[in-house]
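Residue numbers for the sequence shown follow the UniProt record's numbering, so the first one is 1 and each next one is one higher.
Every residue gets a Cβ at the ideal spot worked out from N, C-alpha and C, and that includes glycine.
The structure appears right after this line, and notes come after that.
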Amino acid sequence: MQDEQLLPYLTIEESMEAAANLKLGHSISNLSKKNIINDILSSLGLEESKTTRVSNLSGGEKKRLSAAFELINNPSIMFLDEPT
Numbered sequence: 001m002q003d004e005q006l007l008p009y010l011t012i013e014e015s016m017e018a019a020a021n022l023k024l025g026h027s028i029s030n031l032s033k034k035n036i037i038n039d040i041l042s043s044l045g046l047e048e049s050k051t052t053r054v055s056n057l058s059g060g061e062k063k064r065l066s067a068a069f070e071l072i073n074n075p076s077i078m079f080l081d082e083p084t
C-alpha cells in the first residue's frame with residue numbers, strides 16, 4: 001500500500017462497492033456488502049465523506065480508504081508499516 005491504487009473519478013462509496021464485489025463476489029448479498037462497507041467507513045471516520053470523489057480526498061483520507069479496502073474481507077491479521 002505504499003502507492004495507493006485508487007481510481008480518482010469514483011466516490012469513496014463507489015470504490016468500496018467495487019472492491020467488495022471483487023473481494024466478496026456473489027457469495028454475499030448486496031445488502032450485506034453495504035452493511036460491511038458502512039461499518040468499515042464508520043470505524044475509519046470516512047462515513048460522512050462517502051459521496052466525495054477520491055480525487056478530492058486528503059492524503060490521510062486516501063490512506064484510510066486504502067486500509068478500508070483491505071478490511072472488506074475481514075482478515076484475521078494485517079501487517080502495517082508505519083501506520084501513523
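CB contact check: GLU48 to chain B, cutoff 8 Å | The chain inventory of the structure shown lacks chain B, comprising one protein chain alone.
Contacting residues, own chain, Cβ-Cβ under 7 Å from MET1 (five flanking each side not counted) = The pLDDT assigned to MET1 is 43, lower than 50, so where the model puts this residue is not dependable, and the model offers no usable value.
Under 8 Å between C-beta atoms of LEU6 and LYS50 | Cβ distance not < 8 Å, so LEU6 and LYS50 don't count as in contact.
Looking only at its own chain, which residues have a Cβ that is under 8 Å from the Cβ of TYR9, when we skip the five neighbours before and after it?
-> Excluding the 5 residues flanking it on each side, TYR9 has same chain C-beta neighbours closer than 8 Å at ARG53, VAL54 and SER55, in chain order.
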